[in-house]
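FYI, the UniProt record's numbering numbers position 114 of the sequence shown as 114, with every residue one higher than the one before it. In this text, a Cβ means the ideal position worked out from N, Cα and C, and glycines have one as well. First the structure, in the form of structure tokens, and then the observations on it.
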Amino acid sequence: MSTFSIFLILIIIVCLLLVLVIMVQNPKGGGLSSSFGGGGNQVVGGVKKTGDFLDKSTWTLATLLIVLILLSNVSLKGSYSQADSKLLQGDGTETAVPEALPEEVPEQVPAADTTNPADTIN
1 MSTFSIFLIL IIIVCLLLVL VIMVQNPKGG GLSSSFGGGG NQVVGGVKKT
51 GDFLDKSTWT LATLLIVLIL LSNVSLKGSY SQADSKLLQG DGTETAVPEA
101 LPEEVPEQVP AADTTNPADT IN
């Protein structure tokens, strides 16, 4: 398994976790933290800090996703570094195309007489 494939699998896992964390949050502040904690007045098993945890995990997963994408790009370029074009490398292996000249030049064919005897005035 190549390093790019490993990065691709990690990127997919991080994307799924990021979607899950974002879907749990409520944009109006009444998400998971308010449903367990009653708006922040009660503390039931440390649920008061759920909003902070979801916010921090969102930023952490987003940062991890960007880092993984950049690292996968580096690993992709590293594995294909030898597949560059030989013309771009400039190693001087140019192939010249010979001009194809015919060996014998055809003779000039005299033009046919195109005068019509009916057109001539006698």
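{"Item": "Does the beta-carbon of residue 100 have 16 or more other beta-carbons within 10 angstroms, so that it is buried, or is it exposed?", "Value": "exposed"}
{"Item": "Among 24, 6 and 12, which has the Cα closest to the Cα of residue 51?", "Value": "24"}
{"Item": "When we look at the beta-carbon of residue 21 and count the other beta-carbons within 10 Å, is it buried (16 or more) or exposed?", "Value": "buried"}
{"Item": "When you compare only the Cα positions, how much space is there between residue 59 and residue 73?", "Value": "21 Å"}
{"Item": "Where does residue 1 sit, in a helix, a strand or coil, going by DSSP?", "Value": "coil"}
{"Item": "My assumption, with CB atoms under 8 Å, is that residue 76 sits in contact with residue 14. Please give the rounded CB distance.", "Value": "That belief does not hold up - the Cβ atoms of residue 76 and residue 14 are roughly 17 Å apart, past 8 Å."}
{"Item": "Taking C-alpha atoms, which residue in 69, 54 and 104 lies nearest to residue 12?", "Value": "69"}
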